[in-house]
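According to the UniProt record's numbering, the sequence shown holds residues 1 to 100 in order.
Written below as structure tokens is the structure these notes are about.
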Amino acid sequence: MDAPLLISKNILIPMAVYGFVFTFITITFDVTPFNIPASFGSFLTYLAVMCSFVTVIVLIIDVFRNNLQSRYLWTLGFLVSGCFAGLYYLLKRDRLIPQA
């Protein structure tokens, strides 16, 4: 059973990459030496967290709609690692769905 994604894969992959990269960069590095105000850095972090949240929710719904055998493990992976597991799932989705 191959149920389509709620949001297109062409939109979800850039959202997941943005969420992963900007969450990692803003947590790890300080952006003020690049003449970027701290308020804009916090806005980027907020936007990255929202992108990660949307991506994870869409992928959890997709895993349960396609009735994957390891849906609870995927859900745990999405909740723990966020967009990192989401990117892996999106790239391998075509191979995982026929196994359901």
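All C-beta atoms, glycine included, are put in the ideal place defined by N, C-alpha and C.
Note that this is a predicted model, so its numbers are computed, not measured.
Secondary structure at residue i, three-state DSSP: helix, strand or coil?
i: Gly82; result: coil
i: Ala3; result: coil
i: Cys30; result: Note on residue identity: the sequence assigns Asp, not Cys, to residue 30. Note: Asp30 maps to coil in three-state DSSP.
i: Asn10; result: helix
i: Leu68; result: coil
Between the C-alpha atoms of residue i and residue j, what's the straight-line distance to the nearest angstrom?
i: Leu79; j: Val49; result: 13 Å
i: Leu76; j: Leu59; result: 12 Å
i: Phe22; j: Asp94; result: 27 Å
i: Tyr72; j: Ser52; result: 19 Å
i: Asp30; j: Leu91; result: 31 Å
i: Leu5; j: Ser70; result: 18 Å
i: Ala3; j: Phe34; result: 44 Å
i: Tyr89; j: Asp62; result: 10 Å
Does the distance from the CB of residue i to the CB of residue j come in under 8 Å?
i: Phe20; j: Leu87; result: yes
Is residue i near the ligand ZN, going by C-beta to nearest heavy atom under 7 Å?
i: Phe78; result: Annotation note on the ligand ZN: not contained in the displayed structure, which lists no ligands.
At a cut of 8 Å, does the segment 14 to 21 reach the segment 82 to 91 through at least three beta carbon pairs?
yes
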